[in-house]
Ligand SMILES: [Zn+2]
């Protein structure tokens, strides 16, 4: 569980635009780590209401106690990914993780541990080792108390 202050990514009620190769890569990650959850970071740019993914960073899941239904990104790894992204002109625009043998809907834990308002939270269900449905949710609200995850469109380009 990492506790970062409330980060603002900007942008509301949007859409996630992601290239086919990046989309395939994050789904593949879920298959690679099955039956454990995978997790990673989406980098790119905000464009109005859309988040455009230009690279995907895999992260290690630090939850060794319950890796099949929990994920956690090491804050030091997150800071490194953010710094390396900025050197390429990219910002963090979202996060992804997998739900092994579980529907691609966010859980109360997913909401509690989501802190980046304006970012996308992508969840891929992996059924018997095969990536199934992928959904994306935008974290909206103005602070921790009123934040919520709202389903958004994924446009694979
Ligand atoms: Zn989850």
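In my numbering, the protein residues as written are 2 to 158.
Glycine included, every Cβ here is placed at the ideal spot set by N, Cα and C.
Fair warning: this is a prediction, and the values are worked out from it, not measured in the lab.
Helix, strand or coil at residue i according to DSSP, with G and I counted as helix
| i | result |
| --- | --- |
| residue 25 | helix |
| residue 119 | coil |
| residue 125 | strand |
| residue 37 | coil |
| residue 110 | helix |
| residue 31 | helix |
| residue 165 | Any answer about residue 165 is impossible in this case: the structure gives the chain only from 2 up to 158. |
| residue 48 | strand |
| residue 66 | coil |
| residue 73 | coil |
Local Cβ density within 10 Å of residue i, reported as buried at 16 or more and exposed below that
| i | result |
| --- | --- |
| residue 45 | buried |
| residue 80 | exposed |
| residue 157 | exposed |
| residue 109 | exposed |
| residue 113 | exposed |
Alpha-carbon to alpha-carbon, residue j and residue i
| i | j | result |
| --- | --- | --- |
| residue 15 | residue 66 | 34 angstroms |
| residue 141 | residue 150 | 6 angstroms |
| residue 144 | residue 23 | 30 angstroms |
| residue 146 | residue 137 | 21 angstroms |
| residue 30 | residue 58 | 10 angstroms |
| residue 153 | residue 85 | 27 angstroms |
| residue 83 | residue 118 | 16 angstroms |
| residue 1 | residue 49 | With the chain covering 2 to 158 only, the question about residue 1 has no answer from this structure. |
| residue 43 | residue 130 | 22 angstroms |
| residue 105 | residue 47 | 24 angstroms |
For residue j and residue i, believed in contact at Cβ under 8 angstroms, the rounded distance
| i | j | result |
| --- | --- | --- |
| residue 39 | residue 98 | 6 angstroms |
| residue 78 | residue 60 | 6 angstroms |
| residue 17 | residue 71 | Wrong, their Cβ atoms sit about 23 angstroms apart, outside the cutoff. |
| residue 121 | residue 91 | Residue 121 to residue 91, Cβ: 14 angstroms. No contact. |
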